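Using the numbering used here, the first residue of the sequence shown is number 184, and each one after it goes up by one. The beta-carbon is built from N, C-alpha and C at its ideal position, and this holds for glycine as well. Only a predicted model underlies this, so the values are computations on that prediction, with no experimental measurement involved. Worksheet: the structure to be examined is printed underneath.
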Amino acid sequence: MIPGTSVTVLTCSICSEPSTDICVYCTKDACTNHRCDRCKRCSDCCECDMPLSAEEVRMQPPAEVAIETPVEPEVSIFAPEPTPPSEDVTL
184 MIPGTSVTVL TCSICSEPST DICVYCTKDA CTNHRCDRCK RCSDCCECDM PLSAEEVRMQ
244 PPAEVAIETP VEPEVSIFAP EPTPPSEDVT L
């Protein structure tokens, strides 16, 4: 830390709680409750259809999707070659 400097505590321009982020649009301070994680704008400037808040991100764990892959039969390079079918010639 540099001597003679102090840490500035920012406050959210909407709710006056401590904040660490700023709106990328209007550059006002915004707490995690009032800043959209999609567009990084405060709730006053956000134009998302459904803003993604910090709480929504924590509540929704990533979905696990089972992907089935087809199993191919093993082919050995040491397997004998198939014999050609015998030809029956009848006259």
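The three-state reading of DSSP puts T215 in helix, counting H, G and I together. Scanning V207, D212, C206, Y208 for the CA closest to the CA of E200 turns up D212. As the crow flies, the alpha-carbon of T215 is around 45 angstroms from that of P253. By the beta-carbon neighbour count (other beta carbons within 10 angstroms, threshold 16), S269 is exposed. Rounded to the nearest angstrom, the gap between the Cα atoms of H217 and E251 is 41 angstroms.
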